[in-house]
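Numbering (the working numbering), first residue to last: 494 to 1066.
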């Protein structure tokens, strides 16, 4: 009599292990009929089981070993010997070699055909171990494979003309980068992929006498991405960017601005491109607007997620909940002004009031809020859009940026006529803002009357929690930084070192430092009587304002950032 081996189904195993309740089974079975997803996927999606429970149950079902891969690093020696695109195409992590076999981590043991294909590609037997999909994704993100593709591509390629594909939308993947015939397209695509992997906000392509340099801006600081490329490659790289952004390839003497969208896996990412003629050709800056990444990084999108001091947060919350007036945020480009306003809007949005924003561009979709993108080519400017918004019966309005006297005038009038207006303006500190508006021709009395508060903001990089090191600063450095050495004797300072977690930078993520000027009647009177800035600062301090430098020093004393970092972002007054 033959014994037929019957593998238990995943539902049985999950119930036996106590991970899944029997009551939830009918719902999952019903969902299976209506979707192409698998049993385990549905269970995780609905929150019935954890991803770890599924991986452990799959390991039991297939007789494989489960590995908790959180924080695991792949074997770099093996990684470098493998085809760069294979790891991304087959989604596996090489662990070690055993005799002639290769031990790998995967998350899906059911795809036997894919595993056979991988075995043929690597030409060696595979020993399979299981881990969760999120753990494998995190390892691949931290891996050097994308950087290696970029390095290989930039080291050796020929000059070729580029043509735009017919679909109109670029679709990037590791397979496409490796398979693409044009080396220039390979270089641009792999640069974009590598920048996204390393959390860059901008890609800079700069041309100098010695050649072309590609840099990334990560957490507000520029880092070189590759060795210097030959200067002959500058023209085709810029041409490729122009083709992607639908700009004029033949025009090389004037600045050009464009945008393109890239789809990577299931994620659509917007890019803004600025081309500028320089002494050695044309330079380009690509701004990455990864809306989905912003959404996951700022889950919940509240003022807490920005790393603000609770003292300022409490004062700001009070101001953004007032029924009318103007809340003004100031700071240089990239200082997180818009994100702060998004967080404020999210906190006050109850669905009972109409909130409309006008932005250039809309960087993050806010649920239940009407968002209008500026389109200057079609004549939709901030001023024109703001006039139309006022006819839509809004309660609260956000104006992405005040750039001209017309927009400023309408914003002030809106704040005076019962609307709560959130907006940003470029200025160095809270007192410079006052002069900026008066310079635009706004009546000082009207402006000061409508203003609830002015907030100046900067972002400082946070030290990587995995590698930050205690350090001792000489007294001379402390004095230069405006600190009293005697008062700092008991303080432990930290500095950046660099590790795999932070790509060797020593920093990971950024935190907001702010100075908040709360306009009370006394400060309004001082501004109206054109009191000097020094006296205004004294009055502001008495009203509770903590200045940017003091806010930055607090973060150093708390061990969140380094003295070097706050000296880069702020200065001693």
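Ideal Cβ placement from N, Cα and C applies to all residues, glycine included.
Beta-carbon spacing of residue i, residue j below 7 Å
i: residue 813; j: residue 777; result: no
i: residue 898; j: residue 934; result: yes
i: residue 731; j: residue 699; result: no
i: residue 704; j: residue 722; result: yes
i: residue 728; j: residue 711; result: no
i: residue 823; j: residue 901; result: no
i: residue 828; j: residue 952; result: yes
i: residue 1067; j: residue 841; result: No answer is possible for residue 1067: it lies beyond the span of the chain, which begins at 494 and ends at 1066.
i: residue 535; j: residue 512; result: no
i: residue 867; j: residue 859; result: no
i: residue 757; j: residue 783; result: no
i: residue 737; j: residue 753; result: yes
i: residue 987; j: residue 961; result: yes
i: residue 957; j: residue 999; result: yes
i: residue 1063; j: residue 1034; result: no
i: residue 677; j: residue 745; result: no
i: residue 1008; j: residue 923; result: yes
i: residue 1044; j: residue 1006; result: yes
i: residue 851; j: residue 878; result: yes
i: residue 600; j: residue 620; result: no
i: residue 1011; j: residue 1027; result: no
i: residue 720; j: residue 627; result: no
i: residue 696; j: residue 779; result: yes
i: residue 1050; j: residue 1032; result: no
Residues that residue i bridges to, as DSSP identifies them
i: residue 1143; result: Nothing about residue 1143 can be read from this structure; the chain reaches only from 494 to 1066.
i: residue 801; result: Per DSSP, none; premise fails for residue 801.
i: residue 864; result: 850
i: residue 529; result: BP columns for residue 529 are empty, so no partner.
i: residue 932; result: Note: residue 932 sits in no beta bridge, so no partner.
i: residue 754; result: 763
i: residue 917; result: 822
i: residue 1003; result: 954
i: residue 780; result: 695 and 765
i: residue 771; result: 774
i: residue 735; result: DSSP, once it has assigned bridges, lists no residue as partnering residue 735.
i: residue 890; result: 849 and 914
i: residue 987; result: 963
i: residue 704; result: 701
i: residue 806; result: Paired residues: none, contrary to the question.
i: residue 709; result: 696 and 716
i: residue 620; result: 596
i: residue 1011; result: 946
i: residue 873; result: 868
i: residue 749; result: 768
i: residue 722; result: 705
Residue nearest to residue i in terms of C-alpha spacing, selected from the options
i: residue 562; options: 974, 987 and 624; result: 624
i: residue 594; options: 601, 602, 571 and 566; result: 571
i: residue 883; options: 869, 907 and 892; result: 907
i: residue 839; options: 854, 1015 and 891; result: 891
i: residue 997; options: 989, 1004 and 1003; result: 989
i: residue 1013; options: 628, 1052 and 942; result: 942
i: residue 748; options: 675, 622 and 767; result: 767
i: residue 1002; options: 718, 1037 and 955; result: 955
i: residue 708; options: 940, 714, 701 and 718; result: 718
i: residue 993; options: 856, 632 and 904; result: 632
i: residue 1047; options: 833, 932 and 975; result: 975
i: residue 613; options: 599, 600, 532 and 579; result: 579
i: residue 1021; options: 944, 684 and 618; result: 944
i: residue 546; options: 618, 856, 771 and 514; result: 514
i: residue 1066; options: 611, 973, 856 and 808; result: 973
i: residue 591; options: 617, 566 and 567; result: 617
i: residue 565; options: 857, 538, 597 and 740; result: 597
i: residue 826; options: 920, 796 and 539; result: 920
May I ask you to verify whether the segment 817 to 835 touches the segment 908 to 920, counting CB pairs closer than 8 Å and requiring at least 3?
-> yes
So does the segment 958 to 974 actually touch the segment 794 to 812, counting three or more Cβ pairs closer than 8 Å?
-> no
Would you check if there are 3 or more beta carbon pairs closer than 8 Å linking the segment 582 to 591 to the segment 516 to 523?
-> no
Counting only runs that start and end within the segment 543 to 617, where is the beta strand (DSSP E) found for 3 or more residues in a row?
-> 586 to 591 and 594 to 599
Segment contact flag, the segment 548 to 559 with the segment 499 to 509, C-beta cutoff 8 Å, min 3 pairs | yes
Would you check if the segment 925 to 932 and the segment 794 to 804 touch, i.e. whether three or more CB-CB distances between them fall below 8 Å?
-> no
At 4 residues or longer, and completely inside the segment 1022 to 1047: list those alpha helix (DSSP H) runs for me, N to C.
-> 1026 to 1035
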